[in-house]
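Student:
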Amino acid sequence: MNLKKVLTVYKKELIETFRDKKTLILAILVPLLIYPLLGFGASELISIGIARVESQVSRVGSKTLLSDELLDLIKEDERLEFIEADNLFRKLEEGGIDAYLESSLEEGTEEVNIYYDGAIERSNSACSRLWLLLNDYKRLRQEDELTQRGLDTKVLDIVEVKGENIASSERMGGVFLGGIIPLLLIVMIAMGAIYPAIDLIAGEKERGTLETILTVPIKRSELIFGKYLTVTTVAILVGALNLLSMLLVYSLASFQLKEVMGGVDLVLSPGVGILLFLLLIPLVLFVSAIIMSVSLFAKNFKDAQNFLSPVLILLMAPAYIAMMPGVEMNFILSVIPIVNISLLFKEIFIQNFNIEYIFLVFVSNTLYSFLGIYLFARLFKTESILFAEGKGYKFSMNRKDLKGRKFLDIGESLLLTSGILFLFIYLGTLLQLRYELF
Amino acid sequence: MIRTEGIKKVFWDKKEGEVVALHPTSLSVNEGEVFGVLGPNGAGKTTLLRMLATILTPTDGSGEVNGYDILSQKEEVKSSIGFLSGNTKLYGRLTPTEILNYFGELYGLGKEEIRVRKEELITLLNMEEFIDKKVEKLSTGQTQKVSIARALLHDPDIYMLDEPTLGLDILTSKSIIEFIRGEAGRGKTIIFSTHYMEEAEVLCDRVALLHKGRILDIDTTEGYYNKCQGNNLRDIFFEYVNKSEGDINES
Ligand SMILES: Nc1ncnc2c1ncn2[C@@H]1O[C@H](COP(=O)(O)OP(=O)(O)O)[C@@H](O)[C@H]1O
Ligand SMILES: [Mg+2]
């Protein structure tokens, strides 16, 4: 292979790609806009939601006479409004009040019941406010009682219960981000590869320039590597832009979120950004090779789009698996393509990762990308795929067509290979998760 | 310059099964000769030329172009020929200058060589006016000129032209025919396919009649007139077709 020719092709394809406005918009502009929109949209919604619940006054009803002290406490609390009414149950159901109290004296014990509607956020919030308030009330009453009897109120402090959330605020942010970001990145990178791949492969067939390029003394391997480099360059650029955009948006948004969510910090430091970027490279190489192989079978843009939509879904689904709570990295999952990178990203976000897994993911994805490139190079040498006349390439599986020729042609072997890959990804992951077989 | 021995091409088609696009064919084209391949649509002209240009691999048989083997020395063959067909389109988003630079580099020419040859072709084909416009903005005639420049950039000794006038208006066709005639005058070896009998008649030293993937005969125009009744190539072609179909029915 002559490197100079590969670079000649690469240079020319890059120029052509960047002259295509559609590719530019879809591969670069959209991802750059999506994060600010998504990020600010989401944080805006969350903060609006939280702020609304926080600022709302809970309307508390009661018909039985409450003690003066309790009434005073309620009236002192600015976030509670006392409403005296009948038919409290009905009112609560209709949303006229958020909770109501009933109090009764039984064998010297003052029993106070909080009635609330657990399905309604406002009512839940009223309940927890009342709960705290009633605790204070109980303490007040107990202290009064003890003082009257001339006893020390210290006995009340004999047991103290406290809860502590051990997740650092970074990790809380990580859980929030870790699930969604791998998925988004994979989709964006796939899109970043799909548009130039269609343009460089199916487009070359559709516009009739394929034969032109085959008339010059260039090896097919030189040609495809030039094209492959172009597609990966665009996809890597898209990946980097996505990461950068994410980094900026989330570090800005985290200030906002921190205020309203109480110390949820989102980590995406430059160091993490660089680590994620390095991990993305073998992923891009693998995804690009798959996408380019598939687009070889297309005769034109429309074919290519039809063929690539299922591929996009196939690439997304493993990232969904990794999003599921409770799915954690282990040896098997770390060598299953897509699942591995998604899980690793998730773990990096909750700052709970393991260097060995980073290594395993990187190495296995690099191997997959070599396999992908090999497959693509084989396919590109196949005349019947390059010069398929008439309709686009079809896989035939009925017996009539299969008779009288080699059992598997290159297309069917590709189908078989992808079937095996599919089984490997899904069944492997499923068995691993369900039964921990390995 | 060009020689084939029993080259054959079989395609696999989903509906038809095996399609023999070209039955075993042997022919030779001499240096400096203009050789025509005449046949209707689907005769196998493109398939034959593609195999000679090493774009397609023959199912069977062997061949040589400029002394290079079409099976094992594809790059050398490609460097020796200028190939042009209705299917060799250009990159619309590039300008003629960029296209010529690109193909020059792929043919392995140096920067200076490319510059000189480019100047020559721009003058010869009268392309100054649109040399820096994007190809997608050019007219059919202008585009065809760029295509010719692209195919001849490396100044090959052999031209393979597959229906070079297909889809062009009469004026452009005429100027292309003139151009081919001029190049033949400079001693180039030209193999040229067409389904226009008249073009073959005015241009070619020898003509192969191709029908349904079989060569019916190869001769000079005069040779055909001497041994046939018809007084133009069109009639002569039909004489051969009738005769060959009779042969096939007999056997
Ligand atoms: N890639 C291909 N796959 C299947 N059949 C083909 C292919 N290319 C050409 N053919 C068939 O081979 C025959 C000869 O085609 P072609 O060489 O293009 O003829 P011509 O150029 O003389 O019109 C036709 O019947 C055509 O349908
Ligand atoms: Mg043809």
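Chains A and B, in that order, give the protein sequences. Residue numbers for the first sequence follow the working numbering, so the first one is 964 and each next one is one higher. Residue numbers for the second sequence follow the working numbering, so the first one is 42 and each next one is one higher. A virtual CB, placed ideally from N, CA and C, is assigned to each residue, including glycine. Just so we're clear, the structure is a prediction, and the values are computed from it rather than from any experiment.
Between which two residues does the alpha helix (DSSP H) containing Ser103(B) stretch?
Tutor: Note, Ser103(B): premise wrong, no alpha helix (DSSP H); beta strand (DSSP E) at 101-106.
Student: Applying the 10 Å Cβ sphere with the 16-neighbour rule, what's the burial state of Gly1367(A)?
Tutor: Below a pLDDT of 50, predicted positions are generally treated as unreliable, and Gly1367(A), at 42, falls in that range; the measurement from the model is reported next regardless. Classification of Gly1367(A): exposed, given that the 10 Å Cβ count is below 16.
Student: In angstroms with no decimal places, state the Cα-to-Cα distance between Glu1319(A) and Asn1328(A).
Tutor: 14 Å
Student: Starting from Val972(A), follow its DSSP beta bridges and name the residues at the other end.
Tutor: Bridge partners of Val972(A): none, in fact.
Student: Taking only three categories from DSSP, how would you classify Gly1058(A)?
Tutor: coil
Student: Taking only beta-carbon atoms, is Glu1174(A) less than 7 Å away from chain B?
Tutor: yes
Student: Are the region 1095-1104 of chain A and the region 1028-1043 of chain A touching, with three or more C-beta to C-beta distances below 8 Å?
Tutor: Counting Cβ pairs under 8 Å, three or more are found: they touch.
Student: If Thr1195(A) sits next to Val1247(A), beta carbons under 8 Å apart, how far is it from one beta carbon to the other, in whole angstroms?
Tutor: 6 Å
Student: Using the C-alpha atoms, what's the distance from Leu193(B) back to Glu161(B)?
Tutor: 11 Å
Student: Can you tell me which of the three DSSP states Ala249(B) falls into?
Tutor: strand
Student: Glu280(B) and Gly271(B) - do their beta-carbons sit closer together than 7 Å?
Tutor: Taking 7 Å as the Cβ cut-off, Gly271(B) and Glu280(B) qualify as a contacting pair.
Student: Taking a Cβ distance cut-off of 7 Å, strictly less, list which residues of the region 73-102 of chain B are near chain A, in chain order.
Tutor: Ala94, Ile96, Leu97, Thr98
Student: Provide the residue(s) that pair with Asn1076(A) in DSSP beta bridges, ordered along the chain.
Tutor: Glu1065(A)
Student: List the residues that DSSP assigns as beta-bridge partners of Tyr109(B).
Tutor: Val106(B)
Student: Find the residues of chain B that neighbour Glu979(A), judging by a C-beta separation of less than 7 Å, and give them in chain order.
Tutor: Tyr132, Arg134, Leu135
Student: Please decide whether Gly1171(A) counts as near chain B, where near means a Cβ-Cβ distance under 7 Å.
Tutor: yes
Student: State the start and end residues of the unbroken beta strand (DSSP E) segment that holds Arg124(B).
Tutor: Looking at the sequence shown, residue 124(B) is not Arg but Phe. 122-126 is the extent of the beta strand (DSSP E) around Phe124(B).
Student: On the criterion of 16 or more Cβ atoms from any shown chain inside 10 Å, does Met201(B) qualify as buried, or is it exposed?
Tutor: buried
Student: Which residues in the same chain have their Cβ closer than 8 Å to the Cβ of Glu1044(A), if we skip the five residues on either side of it in sequence?
Tutor: Val1020, Ser1021, Arg1022, Val1023
Student: With a threshold of 7 Å between beta-carbons, can Asn128(B) be considered close to chain A, or not?
Tutor: Taking Cβ atoms only, chain A reaches closer than 7 Å to Asn128(B), which makes this a yes.
Student: Using a Cβ-Cβ cutoff of less than 7 Å, which residues in the same chain neighbour Ser180(B) once the five nearest sequence positions on both sides are dropped?
Tutor: Exclusion of the five residues before and after Ser180(B) leaves no residue of its chain whose Cβ lies closer than 7 Å to its Cβ.
Student: Scan the region 180-209 of chain B for residues whose Cβ lies nearer than 7 Å to a Cβ of chain A and list them as they occur along the chain.
Tutor: none
Student: Just to check my reading of the structure: Glu1169(A) and Phe1240(A) have Cβ atoms closer than 8 Å, yes? What is that Cβ distance to the nearest angstrom?
Tutor: Not a contact, Cβ separation roughly 34 Å.
Student: Could you please give the first and the last residue of the uninterrupted alpha helix (DSSP H) stretch that includes Glu1169(A)?
Tutor: 1166-1169 is the span of the alpha helix (DSSP H), which, as asked, contains Glu1169(A).
Student: Is the Cβ-Cβ distance between Gly102(B) and Glu46(B) less than 7 Å?
Tutor: yes
Student: Near Gln183(B), which residues of its chain fall below 7 Å by C-beta distance, leaving aside the five closest residues on each side in sequence?
Tutor: Phe171
Student: Using the Cβ count rule (16 or more neighbours within 10 Å means buried), how would you classify Glu1185(A)?
Tutor: Around the beta-carbon of Glu1185(A), 16 or more other beta-carbon atoms lie within 10 Å, marking it buried.
Student: Going by alpha carbons, who is nearest to Val51(B) out of Glu263(B), Gly254(B), Asp258(B)?
Tutor: Gly254(B)
Student: Report the residue ranges of all alpha helix (DSSP H) runs contained in full by the region 1087-1116 of chain A; include only those spanning at least 4 residues, in chain order.
Tutor: none
Student: Going along the chain, which residues of its own chain have a beta-carbon closer than 8 Å to the beta-carbon of Ile155(B), five neighbours each way excluded?
Tutor: In its chain, beyond the 5 residues on either side, Leu141, Asn142, Gly145, Glu146, Leu194 have a beta carbon closer than 8 Å to the beta carbon of Ile155(B).
Student: Short check: CB of Lys1026(A) to CB of Asp1049(A), under 7 Å?
Tutor: yes
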